[in-house]
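One point on numbering: in full-length UniProt numbering, the residue at position 52 of the sequence shown is 52, and numbering is uninterrupted. Worksheet for the structure shown next.
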Amino acid sequence: MNVELQALAANNTWHLTKLPPGKVAIGCRWVYRIKHKADGTVERYKARLVAQGYTQQEG
């Protein structure tokens, strides 16, 4: 997870700004996955940060 955060920061993935009046920031969560090789052994552990879509509104 720390490696993923460092990669996001190094790529300038986001910019911190103030929210407009009356708006609420959407949440996020970490999604974890274990990648396996063809023989079933663990190849690597993956983690990614995703937005919680149920709080988003079209507009």
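C-beta atoms are modelled at their ideal positions from N, C-alpha and C, and glycine is treated no differently. This one's a predicted model, so the numbers in the text were calculated from it and none came from an experiment.
Check                                                                                                        : Outcome
Terminal residues of the beta strand (DSSP E) in which Ala-10 lies                                           : Segment 2-10 is the alpha helix (DSSP H) holding Ala-10; no beta strand (DSSP E) there.
Neighbourhood of Arg-33 by C-beta, 7 angstroms cutoff - its chain only, sequence neighbours within 5 removed : Lys-46
Contact check, residue 62 vs Cys-28, beta carbons under 8 angstroms                                          : Lying outside 1 to 59, the shown extent of the chain, residue 62 is not represented and no answer is given.
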